[in-house]
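For the sequence shown, position 182 matches number 254 in the numbering used here, and the numbering has no gaps at all. Structure first, commentary second.
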Amino acid sequence: MSMIKQPSPIKRKRRTQEQIQQLEAQIYAVLDEDNPQSVRHVFYRMTDPRLPVSIEKSERGYKQIQQRCTVMRRAGKIPYNWFADLSRRGHFTNTFSNATDFILRMQGLYRADLWIDSDYRCEVWCESRSIAGVLLRDCRDLAVDLYPCGGFSSMTFAHDAAMLHNSLDDSRPLQIFYIGDYDPAGVLVDVSLEKELRRHLHPDIELIFDRLAINQNQIEQYDLPTKARKNSEKRVQHIERTVEAEAMPARIMRGILRDHVESLLPENALQVAKIAEIEERTHLAHVAEMLNGKGMR
(Lines of atoms letter the chains of each structure in order from A and count residues from 1; the text may use other names and numbers.)
(Lines give C-alpha, C1' and ligand atoms only; values in the text may rest on other atoms or scores of the structure.)
Protein backbone atom coordinates (compact mmCIF):
# COMPACT_ATOMS: atom_id res chain seq x y z
CA MET A 1 0.00 0.00 0.00
CA SER A 2 1.56 3.26 -1.14
CA MET A 3 1.55 6.30 1.09
CA ILE A 4 0.37 9.60 -0.38
CA LYS A 5 2.92 12.25 0.38
CA GLN A 6 1.36 15.38 1.82
CA PRO A 7 2.59 18.69 0.39
CA SER A 8 4.96 20.55 2.68
CA PRO A 9 3.58 23.74 4.23
CA ILE A 10 4.63 26.90 2.42
CA LYS A 11 7.35 28.69 4.34
CA ARG A 12 6.91 32.43 4.35
CA LYS A 13 10.07 34.42 3.73
CA ARG A 14 11.15 36.39 6.79
CA ARG A 15 11.87 40.07 6.34
CA THR A 16 15.46 41.18 6.45
CA GLN A 17 16.66 43.63 9.10
CA GLU A 18 16.86 46.27 6.39
CA GLN A 19 13.19 45.68 5.45
CA ILE A 20 12.13 45.88 9.11
CA GLN A 21 13.93 49.19 9.48
CA GLN A 22 12.23 50.47 6.33
CA LEU A 23 8.82 49.36 7.65
CA GLU A 24 9.47 51.15 10.94
CA ALA A 25 10.48 54.28 9.03
CA GLN A 26 7.20 54.13 7.10
CA ILE A 27 5.16 53.72 10.29
CA TYR A 28 7.00 56.61 11.93
CA ALA A 29 6.45 58.87 8.90
CA VAL A 30 2.70 58.18 8.81
CA LEU A 31 2.29 58.95 12.52
CA ASP A 32 4.66 61.92 12.48
CA GLU A 33 2.60 63.45 9.67
CA ASP A 34 -0.69 63.04 11.53
CA ASN A 35 -1.46 61.81 15.04
CA PRO A 36 -3.07 60.35 16.99
CA GLN A 37 -4.12 57.43 14.80
CA SER A 38 -5.38 53.96 15.58
CA VAL A 39 -3.18 50.96 14.80
CA ARG A 40 -5.73 49.89 12.19
CA HIS A 41 -5.39 53.25 10.44
CA VAL A 42 -1.62 52.71 10.30
CA PHE A 43 -2.14 49.15 9.03
CA TYR A 44 -4.21 50.29 6.06
CA ARG A 45 -1.56 52.85 5.12
CA MET A 46 1.05 50.07 5.17
CA THR A 47 -0.92 47.96 2.66
CA ASP A 48 -0.17 50.48 -0.10
CA PRO A 49 1.72 48.45 -2.76
CA ARG A 50 3.61 51.59 -3.79
CA LEU A 51 5.56 51.56 -0.51
CA PRO A 52 9.09 50.09 -0.46
CA VAL A 53 7.81 47.56 2.11
CA SER A 54 4.08 46.84 1.97
CA ILE A 55 1.97 44.58 4.19
CA GLU A 56 -0.60 42.05 3.01
CA LYS A 57 -4.20 43.15 3.50
CA SER A 58 -5.25 40.45 5.98
CA GLU A 59 -5.63 39.83 9.69
CA ARG A 60 -2.13 38.36 9.60
CA GLY A 61 -0.86 41.62 8.14
CA TYR A 62 -2.73 43.62 10.78
CA LYS A 63 -1.15 41.57 13.58
CA GLN A 64 2.29 42.22 12.09
CA ILE A 65 1.72 45.98 12.21
CA GLN A 66 0.23 45.72 15.68
CA GLN A 67 3.33 43.86 16.89
CA ARG A 68 5.73 46.26 15.16
CA CYS A 69 3.97 49.29 16.71
CA THR A 70 4.27 47.63 20.14
CA VAL A 71 7.99 47.04 19.64
CA MET A 72 8.54 50.64 18.50
CA ARG A 73 6.65 52.13 21.45
CA ARG A 74 8.49 50.03 23.99
CA ALA A 75 11.81 50.92 22.40
CA GLY A 76 10.97 54.62 22.61
CA LYS A 77 10.91 55.04 18.83
CA ILE A 78 7.32 56.33 18.82
CA PRO A 79 5.53 58.29 21.57
CA TYR A 80 2.66 56.40 23.16
CA ASN A 81 0.31 59.36 22.68
CA TRP A 82 0.65 59.11 18.90
CA PHE A 83 -1.82 56.22 19.08
CA ALA A 84 -5.54 56.62 19.71
CA ASP A 85 -7.14 54.15 22.10
CA LEU A 86 -10.44 54.79 23.89
CA SER A 87 -11.15 51.11 24.47
CA ARG A 88 -9.69 51.16 27.97
CA ARG A 89 -10.10 54.15 30.24
CA GLY A 90 -9.83 54.53 33.98
CA HIS A 91 -12.43 56.22 36.16
CA PHE A 92 -11.07 58.85 38.51
CA THR A 93 -12.25 61.01 41.40
CA ASN A 94 -10.67 64.45 41.59
CA THR A 95 -9.95 65.90 45.02
CA PHE A 96 -8.50 69.29 45.96
CA SER A 97 -6.61 70.64 48.95
CA ASN A 98 -8.63 73.88 49.04
CA ALA A 99 -10.64 76.33 46.92
CA THR A 100 -7.50 77.97 45.56
CA ASP A 101 -6.17 74.61 44.41
CA PHE A 102 -9.51 73.87 42.74
CA ILE A 103 -9.57 77.13 40.77
CA LEU A 104 -5.93 76.85 39.66
CA ARG A 105 -6.34 73.29 38.45
CA MET A 106 -9.70 73.89 36.79
CA GLN A 107 -8.93 77.17 35.02
CA GLY A 108 -7.38 75.29 32.10
CA LEU A 109 -10.70 73.49 31.52
CA TYR A 110 -12.62 76.70 30.95
CA ARG A 111 -14.15 76.79 27.46
CA ALA A 112 -16.08 79.58 25.82
CA ASP A 113 -19.34 78.52 24.15
CA LEU A 114 -18.51 78.30 20.44
CA TRP A 115 -22.09 77.49 19.58
CA ILE A 116 -23.93 80.26 21.41
CA ASP A 117 -24.48 82.26 18.20
CA SER A 118 -24.83 79.29 15.82
CA ASP A 119 -28.14 78.45 14.17
CA TYR A 120 -27.53 74.76 15.02
CA ARG A 121 -26.48 72.48 17.83
CA CYS A 122 -24.18 69.68 16.75
CA GLU A 123 -22.76 66.34 17.86
CA VAL A 124 -20.73 63.53 16.30
CA TRP A 125 -21.49 59.79 16.42
CA CYS A 126 -19.20 57.02 15.18
CA GLU A 127 -19.34 53.25 14.97
CA SER A 128 -16.36 52.37 17.16
CA ARG A 129 -14.08 53.60 19.93
CA SER A 130 -11.18 53.19 17.52
CA ILE A 131 -12.64 55.90 15.28
CA ALA A 132 -13.59 58.02 18.29
CA GLY A 133 -9.97 58.04 19.46
CA VAL A 134 -8.95 59.57 16.15
CA LEU A 135 -11.70 62.22 16.21
CA LEU A 136 -11.61 63.12 19.89
CA ARG A 137 -9.07 65.96 19.70
CA ASP A 138 -10.96 67.72 16.90
CA CYS A 139 -14.32 67.26 18.62
CA ARG A 140 -12.90 68.82 21.78
CA ASP A 141 -11.42 71.69 19.80
CA LEU A 142 -14.77 72.31 18.11
CA ALA A 143 -16.74 71.82 21.37
CA VAL A 144 -19.00 69.07 20.02
CA ASP A 145 -20.02 65.95 21.93
CA LEU A 146 -18.69 62.64 20.59
CA TYR A 147 -20.58 59.34 20.93
CA PRO A 148 -18.91 56.01 19.98
CA CYS A 149 -21.89 53.68 19.72
CA GLY A 150 -19.94 50.41 19.31
CA GLY A 151 -21.92 49.07 16.35
CA PHE A 152 -25.67 48.90 16.81
CA SER A 153 -26.23 51.34 19.66
CA SER A 154 -27.97 50.16 22.80
CA MET A 155 -31.49 51.46 23.33
CA THR A 156 -30.42 53.06 26.60
CA PHE A 157 -27.46 54.88 25.00
CA ALA A 158 -29.62 56.48 22.28
CA HIS A 159 -32.44 57.16 24.75
CA ASP A 160 -30.15 58.99 27.21
CA ALA A 161 -28.62 61.09 24.45
CA ALA A 162 -32.09 62.11 23.24
CA MET A 163 -33.29 62.87 26.76
CA LEU A 164 -30.34 65.21 27.26
CA HIS A 165 -31.42 67.29 24.26
CA ASN A 166 -35.05 67.20 25.38
CA SER A 167 -34.04 68.69 28.73
CA LEU A 168 -32.40 71.73 27.14
CA ASP A 169 -34.23 74.96 26.44
CA ASP A 170 -32.95 75.00 22.88
CA SER A 171 -35.14 75.20 19.78
CA ARG A 172 -32.30 75.02 17.26
CA PRO A 173 -32.09 72.06 14.82
CA LEU A 174 -29.88 69.18 15.99
CA GLN A 175 -27.23 68.25 13.41
CA ILE A 176 -25.66 64.82 13.83
CA PHE A 177 -22.66 63.71 11.77
CA TYR A 178 -21.97 59.97 11.64
CA ILE A 179 -18.84 58.01 10.63
CA GLY A 180 -18.82 54.21 10.27
CA ASP A 181 -17.89 51.19 8.16
CA TYR A 182 -19.23 50.62 4.67
CA ASP A 183 -20.38 47.02 4.84
CA PRO A 184 -23.74 45.17 5.09
CA ALA A 185 -23.91 45.72 8.84
CA GLY A 186 -22.24 49.13 8.93
CA VAL A 187 -24.67 50.83 6.56
CA LEU A 188 -27.54 49.72 8.79
CA VAL A 189 -26.02 50.96 12.06
CA ASP A 190 -26.63 54.65 11.34
CA VAL A 191 -30.12 53.90 9.98
CA SER A 192 -30.98 52.11 13.22
CA LEU A 193 -29.41 54.87 15.33
CA GLU A 194 -31.33 57.62 13.55
CA LYS A 195 -34.64 55.79 14.05
CA GLU A 196 -33.92 55.25 17.75
CA LEU A 197 -33.02 58.90 18.30
CA ARG A 198 -36.14 60.10 16.46
CA ARG A 199 -38.21 57.76 18.62
CA HIS A 200 -37.14 59.59 21.80
CA LEU A 201 -36.45 63.16 20.70
CA HIS A 202 -39.19 65.70 21.39
CA PRO A 203 -41.30 66.26 18.22
CA ASP A 204 -40.38 69.95 18.20
CA ILE A 205 -36.67 69.13 17.77
CA GLU A 206 -35.64 69.04 14.11
CA LEU A 207 -33.08 66.27 13.61
CA ILE A 208 -30.68 66.44 10.65
CA PHE A 209 -28.72 63.18 10.39
CA ASP A 210 -25.85 62.89 7.89
CA ARG A 211 -23.48 60.00 7.25
CA LEU A 212 -20.11 61.65 6.58
CA ALA A 213 -18.13 58.47 5.96
CA ILE A 214 -17.67 55.90 4.65
CA ASN A 215 -19.81 56.10 1.50
CA GLN A 216 -19.54 54.77 -2.04
CA ASN A 217 -18.18 57.90 -3.73
CA GLN A 218 -15.42 58.22 -1.09
CA ILE A 219 -14.20 54.69 -1.86
CA GLU A 220 -13.53 55.76 -5.42
CA GLN A 221 -12.42 59.32 -4.64
CA TYR A 222 -9.74 58.28 -2.11
CA ASP A 223 -8.99 54.85 -3.62
CA LEU A 224 -9.76 53.15 -0.30
CA PRO A 225 -8.76 49.48 0.11
CA THR A 226 -11.73 47.10 -0.01
CA LYS A 227 -12.50 43.54 1.05
CA ALA A 228 -14.98 41.06 -0.40
CA ARG A 229 -18.20 40.68 1.58
CA LYS A 230 -18.67 37.50 3.57
CA ASN A 231 -20.57 34.77 1.73
CA SER A 232 -22.68 34.19 4.83
CA GLU A 233 -23.85 37.82 4.93
CA LYS A 234 -27.41 38.13 3.61
CA ARG A 235 -28.08 41.80 4.37
CA VAL A 236 -27.79 44.69 1.89
CA GLN A 237 -27.04 42.63 -1.19
CA HIS A 238 -25.95 45.57 -3.37
CA ILE A 239 -22.73 46.02 -1.37
CA GLU A 240 -20.17 43.74 -3.01
CA ARG A 241 -16.95 45.21 -1.56
CA THR A 242 -16.64 46.41 2.03
CA VAL A 243 -14.50 49.14 3.57
CA GLU A 244 -13.66 49.73 7.22
CA ALA A 245 -13.78 53.35 8.37
CA GLU A 246 -10.13 53.07 9.45
CA ALA A 247 -9.19 52.47 5.80
CA MET A 248 -9.68 56.21 5.25
CA PRO A 249 -6.47 58.06 6.25
CA ALA A 250 -7.00 59.78 9.59
CA ARG A 251 -5.99 63.18 8.18
CA ILE A 252 -8.68 62.99 5.51
CA MET A 253 -11.31 61.79 7.99
CA ARG A 254 -10.53 64.65 10.37
CA GLY A 255 -10.59 67.14 7.51
CA ILE A 256 -14.02 66.03 6.33
CA LEU A 257 -15.38 66.25 9.87
CA ARG A 258 -13.90 69.67 10.58
CA ASP A 259 -15.15 71.11 7.28
CA HIS A 260 -18.73 70.05 8.02
CA VAL A 261 -18.75 71.06 11.69
CA GLU A 262 -17.06 74.43 11.10
CA SER A 263 -19.58 75.23 8.36
CA LEU A 264 -22.22 75.45 11.12
CA LEU A 265 -20.24 77.91 13.23
CA PRO A 266 -20.30 81.69 12.85
CA GLU A 267 -17.30 83.19 11.06
CA ASN A 268 -14.19 83.42 13.26
CA ALA A 269 -16.00 81.70 16.15
CA LEU A 270 -12.91 79.67 17.06
CA GLN A 271 -10.58 82.66 17.12
CA VAL A 272 -13.00 84.80 19.15
CA ALA A 273 -13.58 81.98 21.64
CA LYS A 274 -9.85 81.41 22.18
CA ILE A 275 -9.33 85.09 23.01
CA ALA A 276 -12.25 84.98 25.46
CA GLU A 277 -10.86 81.82 27.07
CA ILE A 278 -7.46 83.42 27.69
CA GLU A 279 -9.13 86.41 29.37
CA GLU A 280 -11.40 84.27 31.56
CA ARG A 281 -8.59 81.93 32.59
CA THR A 282 -6.47 84.92 33.56
CA HIS A 283 -9.37 86.23 35.63
CA LEU A 284 -9.72 82.86 37.39
CA ALA A 285 -6.00 82.90 38.19
CA HIS A 286 -6.43 86.34 39.81
CA VAL A 287 -9.39 85.04 41.85
CA ALA A 288 -7.22 82.16 43.06
CA GLU A 289 -4.49 84.61 44.10
CA MET A 290 -7.03 86.69 46.05
CA LEU A 291 -8.32 83.59 47.87
CA ASN A 292 -4.82 82.49 48.65
CA GLY A 293 -3.94 85.94 49.99
CA LYS A 294 -6.93 85.87 52.30
CA GLY A 295 -6.04 82.41 53.52
CA MET A 296 -9.43 81.09 52.36
CA ARG A 297 -9.97 77.36 52.04
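Don't be surprised by glycine CBs; every beta carbon is placed ideally from N, CA and C. Keep in mind it's a predicted model, so treat the numbers as computed, not measured.
Under the 8 Å Cβ criterion, the region 232 to 241 does not count as touching the region 202 to 209, having fewer than three qualifying pairs.
In this structure, residue 197 and residue 250 form a Cβ contact; the two beta carbons are roughly 5 Å apart against a cut-off of 8 Å. If you ignore the 5 residues before and after residue 192, its C-beta comes within less than 7 Å of the C-beta of 244, 245, 247 and 336, all in its own chain and listed in chain order. Comparing C-alpha distances from residue 222 to each of 147, 291, 252 and 173 shows the shortest one belongs to 252. Burial of residue 113 is indicated by the presence of at least 16 other C-beta atoms within 10 angstroms of its C-beta. By the neighbour-count criterion, in which 16 or more other beta carbons inside 10 Å mark a residue as buried, residue 115 falls on the buried side.
When beta bridges are read from the DSSP output, residue 241 appears opposite no residue.
Bridge partners of residue 196 according to DSSP: 218 and 249.
Separation of residue 145 and residue 103 (C-alpha to C-alpha, rounded to the nearest whole angstrom) is 12 Å. Taking a C-beta distance under 8 Å as the contact criterion, residue 155 and residue 109 qualify as a contact pair.
When secondary structure is reduced to three states using DSSP, residue 315 falls in the strand class. Counting only residues of its own chain and dropping the five nearest sequence neighbours on each side, residue 151 has no CB closer than 6 Å to any other CB.
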